[in-house]
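Position one of the sequence shown corresponds to residue 1 (this note's numbering), numbered consecutively onward. Positions of the beta carbon are idealized from the N, C-alpha and C atoms, including for glycine. Predicted, not measured: the structure shown is a model, and the values here were computed from it. Just below is one structure, and these are the notes that go with it.
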Amino acid sequence: MDDSMCVLSVVKFIKKKSFLTLCFVNLPIWTRAADDRLASQIRQSYHEECEAAINCQINRELYTSYVYISIYAFFNRDNVALKNFAIFFKHQSHEEREHAEKLMKFQNQKRGRVALQDVSKPDECSTGLEAMRCALHLERTVNQSPSGRHKLAYDKINAQMCDFLETHFLDEQVQAIKKLGDFITNVIHFGTLQNGMAAHLFGKLSLEESSS
């Protein structure tokens with residue numbers, strides 16, 4: 001092959017390679033543009049205030065889960081050994097984390113952005129009654145949030161968000177508050193849980209059944 005043919009072959013190869021490179025470079029741009037249009041269409045019905053409210057609720061649920069797992073660790077200590085209380089709060093911690101994960105999934109489906117915050121260290125509870133009162137306060141605080149989020153979703157005409165909160169949060173939170181209120185009443189009736197027998201009886205009659 002003479003020099004002219006070699007040069008021609010190289011030119012053809014470069015042109016072909018350049019064309020393929022151009023197609024390869026441009027394809028993600030076209031795909032990204034299509035994704036942006038789809039995301040824009042989805043976000044048209046998702047107000048920024050709704051996105052911020054869901055993020056706030058995610059962080060509340062994660063904090064509550066963190067507090068409950070801390071209480072679980074306390075009651076599971078060898079020198080405390082309130083097994084049924086430990087089981088109950090471990091279950092509650094997992095439940096709150098599941099709530100947060102559902103909210104994260106919803107946020108992503110709506111093309112929102114999950115924004116997590118730092119979690120502060122919870123105070124340590126020293127008795128079963130104190131732990132129950134702490135849990136009741138947390139549940140009431142967390143329950144106010146979905147109610148407010150639901151009103152916001154209604155005001156912003158976001159039917160999907162309304163349905164999501166009604167299905168996964170509102171009724172469940174009300175039931176949790178009632179359950180904890182009943183537990184506190186039982187604790188008071190049994191006496192302080194510094195009494196080992198009272199703690200055993202209460203756990204046997206209430207917490208073990210609830211966590212089953």
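Cα-Cα separation between residue i and residue j, rounded to whole angstroms
{"i": "serine 70", "j": "glutamine 160", "result": "34 Å"}
{"i": "phenylalanine 164", "j": "tyrosine 72", "result": "29 Å"}
{"i": "isoleucine 235", "j": "phenylalanine 75", "result": "Lying before the first or after the last residue shown, residue 235 is absent from the chain, which here runs from 1 to 212."}
{"i": "alanine 131", "j": "histidine 91", "result": "14 Å"}
{"i": "leucine 62", "j": "histidine 189", "result": "32 Å"}
{"i": "aspartate 171", "j": "asparagine 79", "result": "37 Å"}
{"i": "glutamate 51", "j": "lysine 105", "result": "12 Å"}
{"i": "histidine 47", "j": "leucine 129", "result": "42 Å"}
{"i": "histidine 137", "j": "serine 126", "result": "16 Å"}
{"i": "glutamine 175", "j": "arginine 111", "result": "31 Å"}
{"i": "asparagine 143", "j": "glutamate 49", "result": "19 Å"}
{"i": "asparagine 186", "j": "aspartate 123", "result": "24 Å"}
{"i": "aspartate 182", "j": "arginine 77", "result": "25 Å"}
{"i": "alanine 214", "j": "glutamine 107", "result": "Any property of residue 214 remains undetermined from this structure, which presents the chain solely from 1 to 212."}
{"i": "phenylalanine 169", "j": "alanine 135", "result": "17 Å"}
Collapsed DSSP secondary structure at residue i in the structure displayed
{"i": "aspartate 118", "result": "coil"}
{"i": "threonine 127", "result": "coil"}
{"i": "lysine 102", "result": "helix"}
{"i": "leucine 136", "result": "helix"}
{"i": "glycine 181", "result": "helix"}
{"i": "aspartate 171", "result": "helix"}
{"i": "asparagine 186", "result": "helix"}
{"i": "leucine 165", "result": "helix"}
{"i": "valine 80", "result": "coil"}
{"i": "threonine 21", "result": "Any reading at threonine 21 is ruled out, since the residue's pLDDT is 41, under 50, leaving its predicted position unreliable."}
Bounding residues of the alpha helix (DSSP H) (the contiguous stretch that carries residue i)
{"i": "valine 67", "result": "48-75"}
Sub-8 Å separation of residue i and residue j beta-carbons
{"i": "serine 97", "j": "serine 65", "result": "The sequence given here places arginine at residue 97; serine does not occur at that position. Result yes, Cβ atoms of arginine 97 and serine 65 sit closer than 8 Å."}
{"i": "asparagine 55", "j": "alanine 115", "result": "yes"}
{"i": "tyrosine 68", "j": "phenylalanine 89", "result": "yes"}
Supposed close pair residue i, residue j - CB separation, criterion 8 Å
{"i": "asparagine 59", "j": "glutamine 109", "result": "With 8 Å as the limit, asparagine 59 and glutamine 109 do not qualify as a contact, their Cβ atoms being about 19 Å apart."}
{"i": "glutamine 173", "j": "leucine 103", "result": "Incorrect: roughly 13 Å between the Cβ atoms, too far for contact."}
{"i": "isoleucine 184", "j": "arginine 113", "result": "With a Cβ gap of about 39 Å, isoleucine 184 and arginine 113 do not count as contacting."}
{"i": "glutamate 139", "j": "leucine 180", "result": "6 Å"}
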